[in-house]
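Numbering (our numbering), first residue to last: 273 to 466. No residue lacks a Cβ here, since even glycine has one placed at the ideal position from N, Cα and C. Here the structure is a predicted model, which means the values were calculated and not measured.
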């Protein structure tokens, strides 16, 4: 059986730990092994969310039934759709560049990421961007850098920076790009919880 990596979140969606599923996907109760000595952080919660790294790993809500060391038995209570994976946001702070697709500016401009999800990115930029504008961004946090189209959703309030903060979503992604971004989001979470 191949190893299935899961991200464990609390009921509010805050990442707690990473785990490996050690039971079959369709088992009545799920057995997981918590990684990086984070079992106490997970055990402090009754209900947790399990978000799978790949598309074939179903996302679930469950209740912790038993714990022994880093092993936990989870009783699934509900299924979560693919949106659970897309909405997962991880704080990050990489710097990169973007290029205009639509909009009135030209050339390459720098940006600094604030958070990244499978569905989009929040970032700072000194250039003023318009709602619904499309830019191509270089994401250096994937296995090899990938260029993705991103649509600006809106400017966000942020008193901690002189540069505007923007919320955006990825558009026209192919499956391989989605998989690379998802893997990067999980990798960032793994490195921050290690």
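How should residue 405 be labelled, buried or exposed, when 16 other C-beta atoms within 10 angstroms of its C-beta is the threshold for buried? Here residue 405 refers to the residue found at position 133 when the chain shown is read from its first residue. By the 10 Å Cβ count, residue 405 comes out buried.
Return the chain-ordered list of same chain residues with a C-beta closer than 6 Å to the C-beta of residue 275, the five sequence neighbours on each side being excluded. Residue mapping note: residue 275 aligns to position 3 of the chain shown, counting from 1. Once the five neighbours on either side are set aside, the close Cβ partners of residue 275 are 292.
N- and C-terminal bounds of the alpha helix (DSSP H) containing residue 319: Along the chain shown, read from residue 1 onward, the residue named residue 319 stands at position 47. Unbroken run through residue 319 is the beta strand (DSSP E), 319-324; no alpha helix (DSSP H).
How many angstroms separate the CA atom of residue 285 from the CA atom of residue 279? Position 13 of the chain shown holds residue 285. Position 7 of the chain shown holds residue 279. The alpha-carbon atoms of residue 285 and residue 279 are separated by roughly 10 Å.
Closer than 7 Å, CB to CB, is residue 334 near chain D or not? The structure shown contains no chain D; it is built from a single protein chain.
Which partner residues of residue 420 appear in the DSSP bridge assignment? Residue 420 sits at position 148 when you count from the first residue of the chain shown. Answer is 409, bridged to residue 420.
Same chain only: Cβ atoms within 8 Å of residue 458, ignoring 5 sequence neighbours per side: If you number the chain shown from 1, residue 458 lands on position 186. Same-chain partners within the cutoff: 277, 279, 290, 325.
Using the Cα positions of residue 339 and residue 350, report the straight-line distance between them to the nearest angstrom. In the chain shown, counting from the first residue as 1, residue 339 sits at position 67. In the chain shown, counting from the first residue as 1, residue 350 sits at position 78. Each residue's alpha carbon lies about 20 Å from the other.
Locate the alpha helix (DSSP H) running through residue 300, then write down its first and last residues. As a first step, residue 300 must be located in the chain shown, where it is residue number 28. Note, residue 300: premise wrong, no alpha helix (DSSP H); not H, not E.
Tell me which residue opens and which closes the beta strand (DSSP E) that residue 373 is part of. Translated into positions along the chain shown, residue 373 becomes position 101. Residue 373 -> no beta strand (DSSP E), and no H or E assigned at all.
Are the Cβ atoms of residue 369 and residue 408 separated by less than 7 Å? By one-based count along the chain shown, residue 369 stands at place 97. By one-based count along the chain shown, residue 408 stands at place 136. For residue 369 and residue 408, no; Cβs fall outside 7 Å.
May I have the straight-line CA-CA distance separating residue 380 from residue 433, to the nearest angstrom? Your numbering for residue 380 matches position 108 in the chain shown. Your numbering for residue 433 matches position 161 in the chain shown. Each residue's Cα considered, the two are about 21 Å apart.
Using the Cα positions of residue 393 and residue 362, report the straight-line distance between them to the nearest angstrom. Position 121 of the chain shown, counted from the start, is the residue given in the question as residue 393. Position 90 of the chain shown, counted from the start, is the residue given in the question as residue 362. Spanning the two alpha carbons is a distance of roughly 10 Å.
With respect to the alpha helix (DSSP H) encompassing residue 313, which residues constitute its N-terminal and C-terminal limits? The residue labelled residue 313 in the question sits at position 41 within the chain shown. 311-315 is the span of the alpha helix (DSSP H), which, as asked, contains residue 313.
Span of the beta strand (DSSP E) holding residue 347? Position 75 of the chain shown, counted from the start, is the residue given in the question as residue 347. That run of the beta strand (DSSP E) goes 343-352.
Sub-7 Å separation of residue 452 and residue 414 beta-carbons: Start at 1 with the first residue of the chain shown, and residue 452 comes out as number 180. Start at 1 with the first residue of the chain shown, and residue 414 comes out as number 142. Yes, these two residues count as a Cβ contact at 7 Å.
If residue 344 and residue 306 are in contact, beta carbons under 8 Å, what's the gap, nearest whole angstrom? Within the chain shown, residue 344 is the residue found at index 72, counting from 1. Within the chain shown, residue 306 is the residue found at index 34, counting from 1. Yes, residue 344 and residue 306 are in contact; Cβ-Cβ is about 6 Å, under 8 Å.
Compare the beta carbon distance of residue 449 and residue 420 with 7 Å and say whether it is the shorter of the two. Position 177 of the chain shown, counted from the first residue, corresponds to residue 449. Position 148 of the chain shown, counted from the first residue, corresponds to residue 420. In contact: residue 449 and residue 420 (Cβ atoms closer than 7 Å).
If residue 335 sits next to residue 323, beta carbons under 8 Å apart, how far is it from one beta carbon to the other, in whole angstroms? As a first step, residue 335 is located in the chain shown; it is residue number 63 there, counting from the start. As a first step, residue 323 is located in the chain shown; it is residue number 51 there, counting from the start. Not really, about 16 Å apart at Cβ, beyond 8 Å.
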